[in-house]
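For the sequence shown, this note's numbering gives the first residue as 14, with consecutive numbering after it. We put the CB at the ideal spot given by N, CA and C, even for glycine. Okay, so here's the structure we're looking at.
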Amino acid sequence: MRRAIPLLALAAALSGCGDEELLHGLDEAQANEVLVALDEGGLAATKRREEGSDGQWMVAVGAHDAARAHRVLAERELPRPRPPGFGEVFGKGSMVPTPTEEHALYLHALAGELSRSVESIDGVVEARVHLGLPQPDPLRPGDVPAPRGAVLVKCRPAACDAVRALEAGIRSLVAGAADGLEPGAISVVIAPGAAAPPSPEAPRRRSPLLLALAGLAGLGAAAIAGTTGFLRLRGRSPR
Numbered sequence: 014m015r016r017a018i019p020l021l022a023l024a025a026a027l028s029g030c031g032d033e034e035l036l037h038g039l040d041e042a043q044a045n046e047v048l049v050a051l052d053e054g055g056l057a058a059t060k061r062r063e064e065g066s067d068g069q070w071m072v073a074v075g076a077h078d079a080a081r082a083h084r085v086l087a088e089r090e091l092p093r094p095r096p097p098g099f100g101e102v103f104g105k106g107s108m109v110p111t112p113t114e115e116h117a118l119y120l121h122a123l124a125g126e127l128s129r130s131v132e133s134i135d136g137v138v139e140a141r142v143h144l145g146l147p148q149p150d151p152l153r154p155g156d157v158p159a160p161r162g163a164v165l166v167k168c169r170p171a172a173c174d175a176v177r178a179l180e181a182g183i184r185s186l187v188a189g190a191a192d193g194l195e196p197g198a199i200s201v202v203i204a205p206g207a208a209a210p211p212s213p214e215a216p217r218r219r220s221p222l223l224l225a226l227a228g229l230a231g232l233g234a235a236a237i238a239g240t241t242g243f244l245r246l247r248g249r250s251p252r
């Protein structure tokens with residue numbers, strides 16, 4: 014019975030060493046963003062490619078860190094959905110789309126590509142681009158409204174000043190990708206995104222395996238001490 018107790022303790026400790034899947038179905042950029050956020054939150058995480066998937070990744074953390082990892086990601090609003098680009102939008106269209114559907118799909122895909130371009134700016138954590146590029150209607154002749162656009166940019170609080178300095182460049186980037194759209198017809202809103210949670214100054218976690226081995230060593234020492242005391246009471250000296 015005494016031998017079984019240390020073995021049970023070791024088995025219980027080893028059972029807590031496994032990783033728990035936190036997120037799956039991510040692209041590599043999303044997975045990297047999640048890893049950075051968890052590291053800033055003081056949590057160790059790993060990413061690996063999902064078997065049988067086309068370029069999708071999963072992120073895992075220690076089972077004892079899963080709840081805290083979910084809180085960190087919720088505070089950072091991660092993972093963020095990726096804006097669809099031309100490949101995602103036109104890859105699943107209808108067999109014979111109408112001109113109106115084709116135009117709407119084109120605007121949706123173009124806005125997604127531009128959102129990705131703005132998100133590549135250092136300090137930007139999320140971007141959304143909205144485009145209004147009216148087409149002439151043969152059934153309603155007359156003046157066509159001027160094209161217009163709007164951009165919402167969320168940045169890291171410490172980087173917002175640097176991003177605001179690029180506002181004119183963001184207007185030029187969007188206007189240059191849309192026919193007839195002037196930079197002055199684009200509204201840009203720059204706002205701070207979710208701040209990174211402070212890294213807790215918690216003591217370093219000890220490995221469950223090391224804790225189990227330390228417990229076994231303590232139980233062994235206690236057993237030796239008990240045997241020594243018993244022999245002394247019997248008037249015999251331990252060998």
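**Asked** On the three-state DSSP scale, how would you describe S185?
**Response** The count along the sequence shown starts at 1 and reaches residue 185 at position 172. Helix at S185.
**Request:** Figure out for me which residue from A191, V187 and D192 has the closest Cα to the Cα of V201.
**Result:** Start at 1 with the first residue of the sequence shown, and residue 201 comes out as number 188. Nearest Cα to V201 within the set A191, V187 and D192: V187.
**Prompt:** Rounded to a whole number of angstroms, what is the C-alpha to C-alpha distance between D192 and D52?
**Reply:** In the sequence shown, residue 192 corresponds to position 179, counting from 1. In the sequence shown, residue 52 corresponds to position 39, counting from 1. Their Cα atoms are separated by approximately 43 Å.
**Prompt:** Is the number of C-beta pairs between the stretch 112-120 and the stretch 169-186 that are closer than 8 Å three or more?
**Reply:** No, the stretch 112-120 does not touch the stretch 169-186.
**Item:** Whole-Å CB distance - G131 paired with A140, under 8 Å assumed
**Value:** Reading the sequence shown from its first residue, position 118 is the one you call residue 131. Reading the sequence shown from its first residue, position 127 is the one you call residue 140. Looking at the sequence shown, residue 131 is not Gly but Val. Taking the Cβ atoms as the reference, V131 lies roughly 4 Å from A140, within the contact range of under 8 Å.
**Asked** Taking Cβ to Cβ, would you say L86 is nearer than 8 Å to A124?
**Response** Indexing the sequence shown from 1 puts residue 86 at position 73. Indexing the sequence shown from 1 puts residue 124 at position 111. For the 8 Å CB-CB criterion, L86 and A124 do not form a contact.
**Item:** Selection from G65, S185, K60 and E33 that minimises the alpha carbon distance to L127
**Value:** Residue mapping note: residue 127 aligns to position 114 of the sequence shown, counting from 1. Selected option, being the one with the closest Cα: S185.
**Request:** Can you tell me which of A159, P205, C168 and R169 puts its alpha carbon nearest to the alpha carbon of I2?
**Result:** The displayed coordinates of the chain run from 14 to 252. Any statement about residue 2 would go beyond what the structure contains.
**Message:** Need the endpoints of the beta strand (DSSP E) that S133 sits in, please.
**Reply:** On the sequence shown, residue 133 is found 120 positions in, with the first residue counted as 1. Bounds of any beta strand (DSSP E) do not take in S133, whose DSSP letter is neither H nor E.
**Prompt:** What does a CB cutoff of less than 7 Å around R169 pick up in its chain, not counting 5 residues either side in sequence?
**Reply:** The sequence position of residue 169 within the sequence shown is 156, counting from 1. Taken in chain order, the residues that qualify are G136, V138 and G206.
**Message:** Just verifying my parser: in three-state terms, what is the DSSP assignment at P196?
**Reply:** Walking along the sequence shown from the start, residue 196 turns up at place 183. When DSSP states are grouped into helix, strand and coil, P196 belongs to the helix group.
**Message:** Could you compute how far the alpha carbon of L39 sits from the alpha carbon of H143?
**Reply:** Along the sequence shown, one-based indexing puts residue 39 at 26. Along the sequence shown, one-based indexing puts residue 143 at 130. Straight-line Cα distance between these residues: approximately 24 Å.
**Request:** Identify which residue in E34, L165, E195 and A42 has its Cα closest to the Cα of I203.
**Result:** Stepping through the sequence shown from its first residue, residue 203 is reached at position 190. Checking every option, the nearest Cα to that of I203 belongs to L165.
**Prompt:** Mind checking D78: buried by the 16 CB within 10 Å criterion, or exposed?
**Reply:** Translated into the one-based positions of the sequence shown, residue 78 becomes position 65. D78 comes out buried.
**Prompt:** Using the C-alpha atoms, what's the distance from E63 back to L56?
**Reply:** Along the sequence shown, one-based indexing puts residue 56 at 43. Along the sequence shown, one-based indexing puts residue 63 at 50. Going from the Cα of L56 to the Cα of E63 covers about 22 Å.
**Message:** Spatial neighbours of R93 within its chain, please: C-beta separation below 6 Å, excluding the five flanking residues on both sides.
**Reply:** If you number the sequence shown from 1, residue 93 lands on position 80. If the five residues before and after R93 are omitted, its C-beta is found closer than 6 Å to the C-beta atoms of E139, all from its own chain and listed in chain order.
**Request:** Give the secondary structure of L226 by DSSP, where H, G and I count as helix, E and B as strand, and everything else as coil.
**Result:** In the sequence shown, residue 226 corresponds to position 213, counting from 1. Here the model assigns L226 a pLDDT of 49, short of 50, so the residue's position is not dependable and the matter cannot be decided.
**Item:** Which of helix, strand or coil DSSP assigns to D32
**Value:** For this step, residue 32 is matched to residue 19 along the sequence shown. D32 falls in the strand class under three-state DSSP.
**Prompt:** Which value, in whole angstroms, describes the spacing of the CA atoms of A58 and Q69?
**Reply:** Taking the sequence shown and counting its residues from 1, the one referred to as residue 58 is at position 45. Taking the sequence shown and counting its residues from 1, the one referred to as residue 69 is at position 56. Computed Cα separation, rounded: 17 Å.
**Request:** Pull up the distance between the alpha-carbon of P149 and that of R161, whole angstroms please.
**Result:** The sequence position of residue 149 within the sequence shown is 136, counting from 1. The sequence position of residue 161 within the sequence shown is 148, counting from 1. P149 and R161 have their alpha carbons spaced roughly 15 Å apart.
**Prompt:** So, is R153 buried or exposed, given that buried needs 16 or more other C-beta atoms within 10 angstroms?
**Reply:** Counting from 1 along the sequence shown, the entry for residue 153 is found at position 140. Classified as exposed, R153 has fewer than 16 neighbouring CB atoms from the shown chains inside 10 Å of its CB.
**Message:** Restricting to Cα atoms, I'd like to know which of R81, P147, E88 and E41 is closest to T113.
**Reply:** Residue numbering aside, residue 113 sits at position 100 when the sequence shown is read from its first letter. If you compare the alpha carbons of R81, P147, E88 and E41 with that of T113, the shortest gap goes to P147.
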